[in-house]
Amino acid sequence: MGSPPLIFLKHNIIYLKVFIIFFLTSVPNITNLRPNQSLATLKVQRPPSLNSTNIVSSLETLSLDGYFSFENNHHAAKDFGNMYHFLPSAVLHPKSVQDISNTIRHIYEMGSASELTVAARGHGHSTQGQAQAHQGVVINMESLQKLEMQVHTGKTPYVDVSGGELWINILHETLKHGLAPKSWTDYLHLTVGGTLSNAGISGQAFQHGPQISNVYQLEVVTGKGEVVTCSEKKNTDLFYGVLGGLGQFGIITRARISLGPAPKMVKWIRVLYSEFSIFTKDQEQLISSENSFDYIEGFIIINRTGLLNNWRSSFRPKDPVQANQFSSDGRTLYCLEVVKHFNPDDTKTVNQSMENLLSKLSYIPSTLFLSEVPYVEFLDRVHVSEKKLQAKGLYEIPHPWLNFFVPKSRISDFAEEIFGNILTDTSNGPILIYPVNQSKWNNKTSLVTPDEDVFYLVAFLTSAMPSSTGTDGLAHILTQNKRILDFCATAELGIKQYLPHYNTQEEWQAHFGPRWKVFAQRKLAYDPLAILAPGQKIFRKATRTS
82 MGSPPLIFLK HNIIYLKVFI IFFLTSVPNI TNLRPNQSLA TLKVQRPPSL NSTNIVSSLE
142 TLSLDGYFSF ENNHHAAKDF GNMYHFLPSA VLHPKSVQDI SNTIRHIYEM GSASELTVAA
202 RGHGHSTQGQ AQAHQGVVIN MESLQKLEMQ VHTGKTPYVD VSGGELWINI LHETLKHGLA
262 PKSWTDYLHL TVGGTLSNAG ISGQAFQHGP QISNVYQLEV VTGKGEVVTC SEKKNTDLFY
322 GVLGGLGQFG IITRARISLG PAPKMVKWIR VLYSEFSIFT KDQEQLISSE NSFDYIEGFI
382 IINRTGLLNN WRSSFRPKDP VQANQFSSDG RTLYCLEVVK HFNPDDTKTV NQSMENLLSK
442 LSYIPSTLFL SEVPYVEFLD RVHVSEKKLQ AKGLYEIPHP WLNFFVPKSR ISDFAEEIFG
502 NILTDTSNGP ILIYPVNQSK WNNKTSLVTP DEDVFYLVAF LTSAMPSSTG TDGLAHILTQ
562 NKRILDFCAT AELGIKQYLP HYNTQEEWQA HFGPRWKVFA QRKLAYDPLA ILAPGQKIFR
622 KATRTS
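Residues in the sequence shown are numbered consecutively from 82, following the working numbering.
See the structure below:
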């Protein structure tokens with residue numbers, strides 16, 4: 082797909098010049114990307130604006146394999162975070178990539194006469210309205226699920242999938258061939274395009290990197306409506322820009338994902354620590370060891386009653402007597418969670434390897450709990466909890482999540498303040514914490530991480546009770562989140578937000594640091610009208626009245 086028709090360019094060339102200047106002057110520090118020109122010296126007749134009725138009517142004229150819905154679109158104004166609700170003018174349910182291309186090209190050709198923006202929505206698991214488009218067009222990416230998955234076996238196996246495909250479906254399909262993706266998220270009912278636009282991180286990341294480090298090729302629809310195939314060797318700038326690019330440069334419509342051999346079973350282990358320094362020392366030792374575990378995570382437990390008894394529903398204690406004597410009441414504890422893959426015919430070898438790894442750790446001996454479950458059951462573990470919450474009516478509530486990458490050199494400072502002074506009584510949800518190796522992450526992507534060889538993911542996965550005004554209420558948790566953010570800024574810890582959320586471009590510039598210039602250049606190259614992903618609040622579409 083090429084650029085807009087020539088006749089469009091002829092009729093709007095003067096306007097486009099004005100737009101570029103206006104856009105550049107509204108984006109700090111990137112005015113040097115185009116020749117400077119003063120707006121005050123130009124006398125240009127702007128094109129007439131289109132009213133919202135005409136804009137929506139123009140969408141109805143498009144020839145599509147799928148369809149638009151213009152009413153009852155409240156689902157597209159919701160997400161997992163349940164804090165932001167922006168109603169779109171239309172929702173596109175595409176049945177082909179061409180539907181997405183035609184829609185974006187149509188909006189691009191309207192120029193600034195239209196305020197329409199476009200957001201790609203996967204499974205709706207954003208937490209801050211990132212996949213919403215106020216009075217714009219939301220694309221229901223799951224409509225593309227029916228595009229066939231193609232698994233390629235051989236020396237370098239991979240699977241070609243739709244950007245709207247769920248990772249859980251990819252798991253089931255690839256397992257038919259004895260294969261599976263190497264890197265996962267903790268929750269698999271997410272779309273490929275959604276996780277690849279961020280990073281996609283779980284306990285395999287220390288060994289394989291995030292999901293964006295395990296992609297061979299992408300098909301992308303840019304902000305001009307162009308359909309582009311890109312990889313490490315073809316259209317490289319777009320390929321790396323889109324990976325971790327927060328949807329700013331294009332919508333991922335297809336991806337080629339690296340695969341590896343899939344085990345049938347896993348040994349799933351949890352142990353506890355009472356000292357943070359010993360906990361992190363053991364985690365760091367494990368991610369640097371050869372023949373380590375296949376999954377390494379950790380989480381923090383604050384004042385949980387009967388913790389080990391709760392584990393018994395899924396795990397068995399190695400020493401039941403000692404486990405019965407352990408009390409978690411009123412304590413802050415640190416849990417190391419690890420997994421070793423195995424097949425039934427190599428159980429003995431895996432047991433020896435696992436025991437050797439555990440013997441080098443300094444956890445509390447009475448807290449060793451083990452389980453053996455099928456590989457699929459382990460990977461889909463969060464979905465089980467999700468269904469329980471849905472059954473209790475506790476799922477569609479606010480989730481003011483906060484995620485960080487923290488440099489290894491500052492993780493102790495971070496923990497001392499956060500878990501010693503800010504979060505002391507309860508956490509209102511899981512707190513994940515585990516280290517990863519920078520060497521496994523491709524630094525050419527748009528994702529920003531701390532500049533150290535090892536850094537930690539720390540995720541505050543909080544839930545708020547809508548009617549509460551206490552410590553489990555939304556207002557309290559948001560205040561708590563602000564205290565955490567303020568401390569990180571004041572202490573200059575060098576953290577980076579993961580799944581970042583900011584309200585001003587100055588904040589985004591600080592987030593990207595020296596990489597901001599390249600990020601802004603890519604925006605001008607692939608989405609010059611700032612049509613895509615308005616919910617990220619990085620760039621604002623320049624319109625006739627803005």
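Think of the CB as a built atom: it goes at the ideal place given N, C-alpha and C, for glycine as much as any other residue. Treat the numbers as computed from the prediction; the structure is a model and nothing was measured.
### Task
Determine the direct distance from the alpha carbon of Ser490 to that of Ala496, and round the result to whole angstroms.
About 12 Å.
### Message
According to DSSP, Lys159 sits in a beta bridge with which residue or residues?
### Response
Under the DSSP definition of a beta bridge, Lys159 lacks any partner.
### Query
Anyone know if the C-beta pair for Gln617 and Leu327 falls short of 8 Å?
Yes.
### Query
Excluding the five sequence neighbours on either side, which residues of its own chain have a C-beta within less than 6 Å of the C-beta of Pro511, listed in chain order?
Contacts found: Phe380, Leu542.
### Query
Between the C-alpha atoms of Asp427 and Cys416, what's the straight-line distance to the nearest angstrom?
If I take the Cα positions, the gap works out to 27 Å.
### Task
Tell me, to the nearest whole angstrom, how far the beta carbon of Lys604 is from that of Phe330; I am working on the premise that it is less than 8 Å.
That pair is a contact at about 7 Å.
### Task
Could you tell me if Arg397 is buried or exposed, where buried requires 16 or more neighbouring beta carbons within 10 angstroms of its beta carbon?
Under this definition Arg397 is an exposed residue.
### Pairwise C-alpha distance: Phe407 and His592
Looking at the two C-alpha atoms, the distance is approximately 43 Å.
### Query
Under the three-state reduction of DSSP, which class applies to Arg385: helix, strand or coil?
Looking at Arg385 - three-state DSSP - the assignment turns out to be coil, as it is neither helix nor strand.
### Message
Could you pull the DSSP bridge partners for Val347 from this structure?
### Response
Secondary-structure assignment with DSSP links Val347 through a beta bridge to His422, Val454.
### Task
Determine the direct distance from the alpha carbon of Arg564 to that of Thr361, and round the result to whole angstroms.
For Thr361 and Arg564, the distance between alpha carbons rounds to 24 Å.
### Task
Spatial neighbours of Leu260 within its chain, please: CB distance less than 6 Å, with the 5 preceding and 5 following residues excluded, ordered by chain position.
Around Leu260: Pro238, Leu340, Ala343.
### Query
Would Asp146 be called buried (16 or more neighbouring beta carbons within 10 Å of its own) or exposed?
It counts as exposed.
### Query
With a Cβ-Cβ cutoff of 8 Å, do Glu477 and Asn163 count as a contact?
Result yes, Cβ atoms of Glu477 and Asn163 sit closer than 8 Å.
#### Entry: Proximity to Thr507 [Cα-Cα], best of Phe620, Thr386, Val535, Ser395
Put simply, of Phe620, Thr386, Val535, Ser395 the residue whose alpha carbon is nearest the alpha carbon of Thr507 is Thr386.
### Query
Do you know offhand how far Ile382's Cα is from Ile282's?
Each residue's CA atom was taken as its position, placing Ile382 and Ile282 some 21 Å apart.
### Query
Does the beta-carbon of Pro455 have 16 or more other beta-carbons within 10 angstroms, so that it is buried, or is it exposed?
The residue in question, Pro455, is exposed, as its Cβ has fewer than 16 Cβ neighbours within 10 Å.
### Message
For Ala200 and Ala611, what's the separation of their Cα atoms in angstroms?
### Response
The C-alpha of Ala200 lies about 11 Å from the C-alpha of Ala611.
### Cα-Cα separation, Gly325 to Ala540
Roughly 18 Å separates the two Cα atoms.
### Task
Using beta-carbon positions only, say whether Val301 and Val323 come within less than 8 Å of one another.
Yes, these two residues count as a Cβ contact at 8 Å.
### Query
Based on the DSSP secondary-structure assignment, which residues constitute the bridge partners of Arg337?
Looking at the DSSP output, Arg337 bridges to Asp241, Gln298.
### Query
In the DSSP assignment, what are the bridge partners of Asn518?
Per DSSP, Val535.
### Message
If I measure Cβ to Cβ from Asn183 and keep anything under 8 Å in the same chain, skipping five residues before and after, which residues do I get?
### Response
Leu143, Ser144, Leu145, Gly306, listed in sequence order.
### Task
Note down, in chain order, each residue of its chain lying with its Cβ closer than 7 Å to the Cβ of Val308, except the 5 sequence neighbours on either side.
Within the same chain, Val308 has close Cβ partners Met82, Val178, Ser182, Glu300, Val302.
### Complete alpha helix (DSSP H) runs within the stretch 252-304 (minimum length 4 residues, chain order)
If only uninterrupted alpha helix (DSSP H) runs of at least 4 residues are considered, those enclosed by the stretch 252-304 are 273-277, 286-289.
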